[in-house]
Amino acid sequence: MVSLASVIERDRFTFSSLPIPLYSSSLSSLSSFPSSTPFSMTVSYNLDVSRNSWFNAFKILFRWRGSIWRLVWKELFLWLLTYYAVMIFYRSEWILTPDGQRVFERLAHHISTRFDWIPLTFILAFFVNIVLARWTRIIDNMGYIENSAITVAMTVRGAVENDIIARRAMVRYLCLSQVLVFRDISVKVRRRFPNLESIIQAGFMEEEEREIFEKVELDNNLNKYWLPINWASNLAFRLRDTNNVKSEPALMQILVEFKNFRTNLQTLCNFDWVPVPVAYPQVVYFAVTIYFLLALVGRQFIIGNEAENKAVLDIVFPFMTILQFVFYVGWMKVAESLLNPMGEDDDHFECNSLIDKNIATALAIVDDTFDQVPPLKMDRFKTQIQDPLYPENAVPKGPHGGPQFTGSAAHLVTFTKSRRSDSVAAIDDYGSKKNSIPTKETGFSQTCNGRLPDPTDFGNSFDSSILNSPFSATNSTVSGFNYSMPGENSPFDAGAALSLATFIIIAQNT
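Written out as structure tokens, the structure reads:
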């Protein structure tokens, strides 16, 4: 292993091709990132859809970078040229005789009636679903170093020079492993780091480390992405032996973070080594290509008077077919762009930006901000109660106009009538009323005839304690329809009385 003390000075130099001096010992260097160079992995349009507006669709549709228009315009232009060449061939009497035109019309009719034999929508939908799932897994495993760097900073203690070198070396080895992986799966990164010499010039590897790296020989020229992480793991064990890592659980936490980072990089390699079986993209490309080659004939406007498929309007410009071309070919192009997100298209991942971000962030965590804590003092929330400050147009509102984080029914306003007793009048077929309830004999069977119980059947009293009444009263009775409820303000209304009477009748009948 190369001596850590021998690389302290060279570990801090600046690589001029990067947007900032990555190895500056001062955190102020991190502020020199130009605002025009954000770490955006793809074309971002989130700000355009930050509010629901009718104009959002136009703001997205009229974008050019990464748009469907940029993806399909060349193919569409070539297809239109071919379409009009076929049109001239069909309509020119100098090329086709009238009999030849009739044959062309029958061929166009035959093709146009069989377009649905090609299940284009099903093929494209299934293909895009598979490719999008791979794309999502790739973006989840790009390898962000913050967790590993924070773990190193919190477990490898010490502010002397060798401790600082050790922490910086560990996170630099992780970034070196990421560079070695990215340069083999990303064209952009390969152009930036065509060889190990360029990696040394960038500061990710030292000359002594290169010698050790090249001495490790594997059969069949297998990759050595794992070697820098192995260096970092061995260094962690040495720090445990010197008690810079205070405990075995702390050491294990470091190794777990290193393993997770390596697993992310291995996942990227797996997706690069084992793509979607080539037969499936071939089926998709072949289906879309054949579909629109047939459309060159099948979507022609037929002008023959005797043709079964004569066009109602001879508008010459195939507007609907062009829309279909944009949809289907654009759909295919989206899938093609997602197949290898490490490429050079507008919507492909900016791996170089991620490399720059990781090394700058990692060194800031383990060195520039190591063991820094702001001065402690009592916060203002303890000393004085203050309402949150919001601009007028940013005050948070709940889903129902009230406070946030409350239930949907918490703001309902209900009105109840409180009275000692209620009387509910039963109305018979003749419109007369009595303060009574149905008897056990009549029950509610008469409702089958479309009428309420006869008024002569009312007048009996029943003990309502046979029910599990929701009221806290004991031995409440129903006398006629006059419910005497205890308590000063017991809420009870006519609907409740009728429901209670119904339960009494059903209970006694059973």
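Following full-length UniProt numbering from start to finish, the sequence shown increments by one per residue and tops out at 510.
Think of the CB as a built atom: it goes at the ideal place given N, C-alpha and C, for glycine as much as any other residue.
All values derive from a computational prediction rather than experimental measurement.
TODO: To the nearest angstrom, report how far apart Lys59 and Leu47 are at their CA atoms.
DONE: Here residue 59 refers to the residue found at position 59 of the sequence shown. Here residue 47 refers to the residue found at position 47 of the sequence shown. For Lys59 and Leu47, the distance between alpha carbons rounds to 10 angstroms.
TODO: Kindly give me the distance between the Cβ atoms of Val245 and Leu363, rounded to whole angstroms, as I take these residues to be in contact under 8 angstroms.
DONE: Counting from 1 along the sequence shown, the entry for residue 245 is found at position 245. Counting from 1 along the sequence shown, the entry for residue 363 is found at position 363. Incorrect: roughly 20 angstroms between the Cβ atoms, too far for contact.
Task: DSSP-derived helix/strand/coil call for Ala287 - done: What you label residue 287 is simply residue 287 of the sequence shown in a count that begins at 1. DSSP places Ala287 in helix when its eight states are reduced to three.
Task: Simplified DSSP state of Val245, which is helix, strand or coil - done: Within the sequence shown, the letter at position 245 stands for residue 245. Three-state DSSP puts Val245 in a strand.
Open item on the list: According to DSSP, simplified to helix, strand and coil, what is Val278?
Closed with: Locating residue 278 in the sequence shown gives position 278, where the first residue counts as 1. Coil at Val278, not helix or strand.
- [ ] Would you decide whether Arg51 is buried or exposed? Buried here means 16 or more other CB atoms lie within 10 Å of its CB.
- [x] Indexing the sequence shown from 1 puts residue 51 at position 51. Exposed, because fewer than 16 other Cβ atoms sit within 10 Å of the Cβ of Arg51.
Open item on the list: I need the straight-line Cα distance from Gln253 to Asn147, nearest angstrom please.
Closed with: Here the question's residue 253 lines up with position 253 in the sequence shown. Here the question's residue 147 lines up with position 147 in the sequence shown. Computed Cα separation, rounded: 11 angstroms.
TODO: Give me whichever residues DSSP pairs with Val156 in a beta bridge.
DONE: Working through the sequence shown from its first residue, we reach residue 156 at position 156. When beta bridges are read from the DSSP output, Val156 appears opposite Val245.
TODO: Just confirm the distance between the C-beta atoms of Val156 and Ala166, as a whole number of angstroms; I'd bet it's less than 8 angstroms.
DONE: Counting from one through the sequence shown, the residue named residue 156 turns up at place 156. Counting from one through the sequence shown, the residue named residue 166 turns up at place 166. About 6 angstroms separates the beta carbons of Val156 and Ala166, which is inside the 8 angstroms limit, making them a contact pair.
Open item on the list: Considering just the uninterrupted stretch of the alpha helix (DSSP H) at Leu124, what are its terminal residues?
Closed with: For the purposes of this step, residue 124 is identified with residue 124 of the sequence shown, where counting begins at 1. Per DSSP, Leu124 belongs to the alpha helix (DSSP H) from Leu120 to Asp140.
Open item on the list: On a Cα-Cα basis, can you pick out the residue from Leu80, Leu222, Glu214 and Ala159 that is closest to Cys269?
Closed with: Residue 269 sits at position 269 when you count from the first residue of the sequence shown. Residue Leu222 is the option with its Cα nearest to Cys269.
Open item on the list: Report the start-end ranges of each alpha helix (DSSP H) in the segment 47-110 that is 4 residues or longer and not cut off at the edges.
Closed with: As far as the segment 47-110 is concerned, its whole alpha helix (DSSP H) runs of at least 4 residues are 56-61 and 68-91.
TODO: Could you check what DSSP says for Val316 in three-state terms: helix, strand or coil?
DONE: Here residue 316 refers to the residue found at position 316 when the sequence shown is read from its first residue. Secondary structure of Val316 (DSSP, three-state): coil.
Task: Assigned secondary structure, Glu217 (DSSP; H/G/I helix, E/B strand, else coil) - done: In the sequence shown, the residue the question calls residue 217 occupies position 217. Looking at Glu217 - three-state DSSP - the assignment turns out to be coil, as it is neither helix nor strand.
Task: the segment 85-95 contacting the segment 278-287, beta-carbon criterion three pairs below 8 angstroms - done: They do not touch, by the three-pair rule.
- [ ] Could you round the C-beta distance between Leu338 and Val131 to whole angstroms and report it? I think they count as a contact, below 8 angstroms.
- [x] Along the sequence shown, one-based indexing puts residue 338 at 338. Along the sequence shown, one-based indexing puts residue 131 at 131. So it is a contact: roughly 5 angstroms between Cβ atoms.
Open item on the list: If you measure between the beta carbons of His109 and Asn309, is that distance less than 7 angstroms?
Closed with: Position 109 of the sequence shown, counting from 1, holds the residue named residue 109. Position 309 of the sequence shown, counting from 1, holds the residue named residue 309. Yes; because the gap between Cβ atoms is below 7 angstroms, this pair is in contact.
Open item on the list: On a Cα-Cα basis, can you pick out the residue from Tyr390, Leu354 and Asn340 that is closest to Asp178?
Closed with: Within the sequence shown, numbered from 1, the residue matching residue 178 stands at position 178. Sequence check: residue 178 is Gln here, not Asp. Gln178 has its Cα closest to that of Leu354, out of Tyr390, Leu354 and Asn340.
TODO: Express the C-alpha separation of Ile359 and Phe15 in angstroms, rounding to a whole number.
DONE: Within the sequence shown, numbered from 1, the residue matching residue 15 stands at position 15. Within the sequence shown, numbered from 1, the residue matching residue 359 stands at position 359. Confidence is the limiting factor: at Phe15 the pLDDT is only 31, short of 50, which leaves the residue's position unreliable, though a coordinate-based value still follows. C-alpha separation (whole angstroms): 12 angstroms.
- [ ] For my contact list, Leu235 and Met205 are in at a C-beta cut-off of 8 angstroms; report their separation, rounded to the angstrom.
- [x] Working through the sequence shown from its first residue, we reach residue 235 at position 235. Working through the sequence shown from its first residue, we reach residue 205 at position 205. Between the beta-carbon of Leu235 and that of Met205 there is about 15 angstroms, and that puts the pair past the 8 angstroms contact cut.
Open item on the list: Tell me which residue opens and which closes the alpha helix (DSSP H) that Phe170 is part of.
Closed with: Residue numbering aside, residue 170 sits at position 170 when the sequence shown is read from its first letter. Correcting the residue identity first, residue 170 is Met in this sequence and not Phe. Its alpha helix (DSSP H) spans residues Glu161 to Ile185.
Open item on the list: Measuring straight from C-alpha to C-alpha, what distance separates Ala409 and Asn393?
Closed with: For this step, residue 409 is matched to residue 409 along the sequence shown. For this step, residue 393 is matched to residue 393 along the sequence shown. So the two alpha carbons sit approximately 26 angstroms from each other.
Open item on the list: Can you find the residues in the same chain that come closer than 8 angstroms, C-beta to C-beta, to Lys382, ignoring five residues on each side of it along the sequence?
Closed with: Locating residue 382 in the sequence shown gives position 382, where the first residue counts as 1. Scanning its chain for C-beta atoms nearer than 8 angstroms, with the 5 sequence neighbours on each side dropped, one finds no residue around Lys382.
Task: Identity of the residue in Pro391, Ile365, Tyr173 and Asn340 nearest Val187 by Cα - done: Mapped onto the sequence shown, residue 187 falls at position 187. Residue Asn340 is the option with its Cα nearest to Val187.
Task: Own chain, CB closer than 7 angstroms to Val316, minus 5 neighbours either side, in chain order - done: The residue you call residue 316 lines up with position 316 of the sequence shown. Once the five neighbours on either side are set aside, the close Cβ partners of Val316 are Phe301.
Open item on the list: Using only the alpha-carbon positions, how far apart do Ile145 and Thr151 sit?
Closed with: As a working note, residue 145 is residue 145 in the sequence shown. As a working note, residue 151 is residue 151 in the sequence shown. Roughly 10 angstroms separates the two Cα atoms.
Task: Same chain, Cβ closer than 7 angstroms to Gly431, five either side skipped, listed in chain order - done: By 1-based counting over the sequence shown, the position of residue 431 is 431. The predicted position of Gly431 is uncertain, since its pLDDT is 45 and thus under 50; a value taken from the coordinates is nonetheless stated next. Hits under 7 angstroms: none found.
Task: Among Phe237, Asp345, Val278 and Arg106, nearest to Phe127 - alpha-carbon criterion - done: Counting from 1 along the sequence shown, the entry for residue 127 is found at position 127. Here the closest residue by C-alpha is Val278.
TODO: With a threshold of 16 other CB atoms inside 10 Å of the CB of Ser421, please say whether the residue is buried or exposed.
DONE: Translated into positions along the sequence shown, residue 421 becomes position 421. Confidence in Ser421 is poor, its pLDDT being 47 and thus under 50, which makes the residue's placement too unreliable to answer from.
TODO: Could you give the DSSP three-state label for Thr502: helix, strand or coil?
DONE: Within the sequence shown, the letter at position 502 stands for residue 502. The three-state secondary structure of Thr502, taken from DSSP, is helix.
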